[in-house]
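A quick write-up on the structure given underneath.
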Amino acid sequence: MGIFQMTKTVLRNIAGGPATRQYPAVPARTSPLTRGHVVFDPSTCRSCNICSRKCPCEAIRIDKEEKIWEIDRMRCIACGDCVESCPFGSVTMEQDYFPPVMEHAVERYTITYVKPEKPAKKPVEEDTGA
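Okay, so the sequence shown: first residue is 0 according to numbering that gives the first Met the number 0, each after it adds one.
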């Protein structure tokens, strides 16, 4: 009886085609919960270092003096902790997967956020009334 069951399974698998998608030739299916890769916006980053401290695999590094934000894609596990912790929305998660890489490289971004100047304080006028 076992040989007939095996033959039935083999014929069904041959006629049915592959069980998996041929990624990257065929795009992967995504859902709203898909975590693809981290995207950084240097124009809104204020170098608070919260994303770096929240990263469980230490993939993000910030140099405040040189205004450099780095991410090591080989270490990043796309957990989303950095995205949830960023108070300024500088770190976001896209649903597209990051393309495959052949060698280890760290992405470096120069932080371009410019702190707005505070308006000058108006001098307080004293009342010298009688």
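Virtual Cβ for every residue (Gly too), placed ideally from N, Cα, C.
Just how far apart, CA to CA, sit residue i and residue j?
{"i": "glutamine 94", "j": "threonine 29", "result": "7 angstroms"}
{"i": "cysteine 75", "j": "threonine 43", "result": "21 angstroms"}
{"i": "valine 9", "j": "phenylalanine 3", "result": "10 angstroms"}
{"i": "proline 115", "j": "proline 26", "result": "43 angstroms"}
{"i": "histidine 36", "j": "glutamate 64", "result": "27 angstroms"}
{"i": "threonine 19", "j": "arginine 11", "result": "15 angstroms"}
{"i": "lysine 53", "j": "isoleucine 59", "result": "9 angstroms"}
Since residue i and residue j should fall inside the 8 angstroms C-beta cutoff, what is the C-beta to C-beta distance between them, to a whole number of angstroms?
{"i": "valine 90", "j": "cysteine 50", "result": "5 angstroms"}
{"i": "serine 46", "j": "isoleucine 61", "result": "6 angstroms"}
Mapping the DSSP letters down to three states, classify residue i as helix, strand or coil.
{"i": "threonine 111", "result": "coil"}
{"i": "aspartate 40", "result": "coil"}
Please go through the same chain and pick out, in chain order, the residues whose beta-carbon is closer than 7 angstroms to the beta-carbon of residue i, but skip the five residues on each side of it.
{"i": "cysteine 131", "result": "A question about residue 131 goes unanswered here, because the residues of the chain that appear run from 0 up to 129."}
When you compare the CB positions of residue i and residue j, do they come within less than 8 angstroms of one another, or not?
{"i": "glutamate 69", "j": "glutamate 102", "result": "no"}
{"i": "valine 82", "j": "methionine 92", "result": "yes"}
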